[in-house]
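Asks: Once you know that position 56 of the sequence shown is 55 in numbering that gives the first Met the number 0, the rest is easy, because the numbers rise by one and skip nothing.
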Amino acid sequence: MDQIINVPEYRTDEGIRFVWDDDFEIELQIDLREVVIKANRTGLTSLARHLLTLAQEGVREGAHIHLTADQEIESSYDLIVERRA
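As structure tokens, then:
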């Protein structure tokens with residue numbers, strides 16, 4: 000089964016729009032040498048969409064996704080993914 004991930008088009012006048020799939024679950028585990036991201040199907044799809052959103056042409060350096068511990072992700076730590084040039 001093929002799946003298409005629809006990514007909100009980046010518009011400089013609107014900024015970045017992040018879209019979550021219903022019932023997403025994302026868990027972050029950190030130990031001394033590893034960071035593990037565990038997610039259900041909708042969590043992986045949502046995370047993929049966020050990364051593709053950041054990768055779009057025109058998104059400025061420093062733009063980022065900030066997933067907050069115990070809100071968007073199950074974790075004691077926040078997860079930040081930032082766009083580089």
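By construction, the Cβ of each residue, glycine as well, lies at the ideal position given by its N, Cα and C atoms.
Check the C-beta distance from PHE23 over to ASN39 and give it rounded, since I have them as a contact under 8 Å.
Replies: Position 24 of the sequence shown, counted from the first residue, corresponds to residue 23. Position 40 of the sequence shown, counted from the first residue, corresponds to residue 39. Their Cβ separation, rounded to whole angstroms, is 7 Å, which keeps PHE23 and ASN39 in contact under 8 Å.
Asks: Measure how close the beta-carbons of HIS63 and ARG82 come, nearest whole angstrom, since I'm counting them as under 8 Å.
Replies: For the purposes of this step, residue 63 is taken as the residue at position 64 of the sequence shown. For the purposes of this step, residue 82 is taken as the residue at position 83 of the sequence shown. 7 Å between Cβ atoms; contact.
Asks: Which of the three DSSP states, helix, strand or coil, is assigned to GLN42?
Replies: In the sequence shown, residue 42 corresponds to position 43, counting from 1. Gln is not the amino acid found at residue 42; the sequence shown has Gly there. Helix.
Asks: How would you call THR52, buried or exposed, if buried means at least 16 neighbouring beta carbons within 10 angstroms?
Replies: For the purposes of this step, residue 52 is identified with residue 53 of the sequence shown, where counting begins at 1. THR52 comes out buried.
Asks: Decide if HIS49 is buried, meaning its Cβ has at least 16 other Cβ atoms within 10 Å, or exposed.
Replies: As a first step, residue 49 must be located in the sequence shown, where it is residue number 50. HIS49 should be labelled buried.
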